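Novice: The listed protein sequences derive, respectively, from chains A and B.
Using our numbering, the letters of the first sequence correspond one by one to residues -2 to 276.
Using our numbering, the letters of the second sequence correspond one by one to residues 1395 to 1678.
Even glycine gets a Cβ: it sits at the ideal position worked out from N, Cα and C.
Model, not experiment: these values are computed from the prediction.
Structure below; questions to follow.
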Amino acid sequence: MRATPAAGRRLRDRVMTVLVALGAAVALLPLFLVLGYVVREGIGALDLAFFIRDPAPVGEPGGGVRNAIVGSLIINLMASLIGVTIGVGAGVFLSEYGQHPLAPLVRLVGDVLGGMPAIIMGLVAYEIVVRPMRSFSALAGAVALGLLMIPIVIRATESALALVPRELREAGMALGLPRWRVTVSVVLPAARYGIVTGALLALARVAGEAAPLLLTAFGNPYLSFDPTKPMDSLPLRVFVYAISPFREWHAQAWAASLVLVLLILSATLAARWMTRQRA
Amino acid sequence: MAMLAKTTLDRRTSGVLVAEEPGRERTERRTPPPLAMEARHVSVYYGQRRALNDVSLGIPSRRVTALIGPSGCGKTTFLRVLNRMHDLTSSARVEGTVLLDGEDIYAPRVDPIAIRRRVGMVFQKPVVFPTMNIFDNVAVGLRLAGERRRVVLNEAVERALRQAALWDEVKDRLGAPATGLSGGQQQRLSIARALAVSPEVLLMDEPTSAIDPVGTQRIEDLIAELKHSVTVVIVTHNMQQAARVSDYVGFFLMGELVEFDETERLFSNPRDPRTEAYITGRFG
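See below:
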């Protein structure tokens, strides 16, 4: 009597464990397929020159993507300044001043932004930056990517702040500190890992975007540091090379993809690592 | 538990027991100390629900006042009235008058932040600001209020840590993360933080309920010391603790203040049958 149900339970436990493990494997498979394929196709064209040279004209061998790497770094840095500042601000507002009459509106705007296709952000940045400035520019690209980051950072900030114990806020208030002081000096530092993690994930999410940059940063085969002028970025370079009819450019597209994947992967892993540190 | 309470109390109050007769008019009370705070007809509502009903209570200056009662009786709600902590809960509404030095802290133009600087608070669970070291955890109140002078901060931190009986344990590692302290030490650190801004009144909300017996003992000793310099109001569900540390006790039941008296009188000779039922362990 006693042995049978126990054995049944054990069997069911076994079966479920196998099913769950199978599910995990299926979920992981695409990741490894993509990673493996990009590495296989891209590793051949990777050499030192690829990192320290700018693109060569068609027909000339060699050339690299230095301009695109530098451009990606600059555009994403500027995008982070925009996206993280506004996103953290809005997240703090929603979490700490959730009773405010404007809070529902901010939440709605955040949710709508989050569902917006990336190309639309490109169009928006085109209208508000490119058109007035009469030029494609890195700044416009940064605005587009920054807009994309905002909803992700809002959500991450809000949930990181929700994890800060109520007692911490009350202890701050009980010291006779103004609300904003408690928020800035007690609550935000306590949530810093969660917020930085969110910012890194948002960065990883937008760093691979090509579509919004087509209408804004535009791309540039030369190295440029001027944020008011067109600038290259890795996704743009991949796009340009991939749709070209030249075999050596295809190889370079793969190599640039690999670099891009590795950059994003390291941002994601850094975010993971930060989250780990919380414990 | 109730038995234990009884014996502890009898030992403490045996002298008084003989001298007192139940129900007798209290005309020969010693002159009461001046009041640090006074609540007049205070009621608190959470939305539609009334959590505290018309409580009037004077808190004697430089004494320890304990608030006891079963869970949900309103004792913590009352404590949070005293430093306007209910302002932070949008659903809570406070009615009545609370005087601090004769001035109504709920008057329209009173700044709750200024009140909280004068009426400090320690919570049930120790609160350690995780990004700050031990020194900063104590100095935070002063520092964020704009105090920059290193000498002043050093002095205040040492004084507060000594008052909280923590100085000797941490003086060599003030720069260490405060999260490394034990639970009891963290609670004394929380007390030191509250004391560093030199409050007139210190509110303690079940300060030992998350602390082991040794740590509890230290905090109770510390409370006895504190009343020389600051008025203490302590909420506790532990009657022995109330008997051990307090000079005055208020017994709350279902949002009402049933009885308030000197600790010895209330425990030895309660006037209200409900108080007697509670302290003899018949409920709660």
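Of all the residues that make up the stretch 156 to 179 of chain A, which are near chain B by a beta-carbon distance shorter than 7 Å?
Specialist: The residues in question are E164, L165, E167, A168, M170, A171, L172, G173, L174, P175 and R178.
Novice: Would you call the CB atoms of A:I147 and A:G80 closer than 8 Å?
Specialist: Yes, the pair counts as a contact, with Cβ atoms nearer than the cut-off.
Novice: Return the bridge partner residues of B:G1644 from the DSSP annotation.
Specialist: Partner(s): B:L1461 and B:F1654.
Novice: Would you please state the rounded distance, in angstroms, between the beta carbons of B:V1624 and B:D1599? I believe it to be under 8 Å.
Specialist: At roughly 16 Å, the Cβ-Cβ gap does not stay under 8 Å, so B:V1624 and B:D1599 are not in contact.
Novice: Along the stretch 183 to 209 of chain A, what residues have a CB closer than 8 Å to any CB found in chain B?
Specialist: Against chain B - using a Cβ distance shorter than 8 Å - the residues of the stretch 183 to 209 of chain A are V183, P186, A187 and R189.
Novice: How far does the alpha helix (DSSP H) with B:R1582 in it extend, from its first residue to its last?
Specialist: Element bounds for B:R1582: G1577 to A1590.
Novice: Name the chain B residues that come within less than 7 Å of A:Q96, Cβ to Cβ?
Specialist: Simply S1484.
Novice: Within the same chain, show all residues whose beta-carbon is closer than 6 Å to that of B:E1415, passing over the 5 residues directly before and after it, in chain order.
Specialist: Because B:E1415 sits at a pLDDT of 46, beneath the cut-off of 50, its placement in the model cannot be relied upon, and the following sentence gives the value as read from the coordinates. Excluding sequence neighbours, B:E1415 sits near nothing in its chain.
Novice: Taking only three categories from DSSP, how would you classify A:Y94?
Specialist: It is coil, neither helix nor strand.
Novice: With DSSP collapsed to three states, give me the class of A:A107.
Specialist: A quick correction: the sequence has Gly, not Ala, at residue 107 of chain A. Note: A:G107 maps to helix in three-state DSSP.
Novice: For B:G1569, which residues in chain A fall below 9 Å Cβ to Cβ?
Specialist: Chain A residues near B:G1569: none, gap ~17 Å exceeds 9 Å.
Novice: So with Cβ pairs under 8 Å, would you call B:Q1535 a contact of chain A?
Specialist: Correcting the residue type first, residue 1535 of chain B is Gly in the shown sequence and not Gln. B:G1535 counts as touching chain A.
Novice: What residues in the stretch 1575 to 1597 of chain B have a beta carbon less than 9 Å from any beta carbon of chain A?
Specialist: Within the stretch 1575 to 1597 of chain B, the qualifying residues are S1584, R1587, A1588, A1590, V1591, P1593 and L1597.
Novice: Can the beta-carbon of A:V181 be found closer than 8 Å to that of A:R166?
Specialist: Not a contact, by the Cβ cut-off of 8 Å.
Novice: What does a CB cutoff of less than 8 Å around B:P1454 pick up in its chain, not counting 5 residues either side in sequence?
Specialist: Within the same chain, B:P1454 has close Cβ partners P1426, P1427, P1428, L1429, A1430, T1625, D1641 and Y1642.
Novice: In three-state terms, what does DSSP make of A:I71?
Specialist: In the structure shown, A:I71 sits in a helix (DSSP, three-state: H, G or I).
Novice: Distance check for A:L91 and A:E155, CA to CA, integer angstroms please.
Specialist: If I take the Cα positions, the gap works out to 7 Å.
Novice: What residues in its chain sit with their C-beta under 6 Å from that of A:A268, if we drop five residues either side in the sequence?
Specialist: Closer than 6 Å at Cβ, skipping near neighbours: T194, L197 and L198.
Novice: Note down, in chain order, each residue of its chain lying with its Cβ closer than 8 Å to the Cβ of A:P227, except the 5 sequence neighbours on either side.
Specialist: Within the same chain, A:P227 has close Cβ partners S132, F133, S134, A135, A214, F215, G216, N217 and S221.
Novice: Does the separation of the CB atoms of B:D1498 and B:T1491 fall below 8 Å?
Specialist: A contact, by the Cβ cut-off of 8 Å.
Novice: Just checking: is the beta-carbon of B:M1633 within a distance shorter than 8 Å of some beta-carbon in chain A?
Specialist: No, because no Cβ of chain A sits closer than 8 Å to the Cβ of B:M1633.
Novice: Give me the DSSP bridge partner(s) of A:F215.
Specialist: Beta-bridge pairing links A:F215 to A:M228.
Novice: What is the DSSP secondary structure of B:H1631, counted as helix, strand or coil?
Specialist: Of the three classes helix, strand and coil, the one that applies to B:H1631 here is coil, per DSSP.
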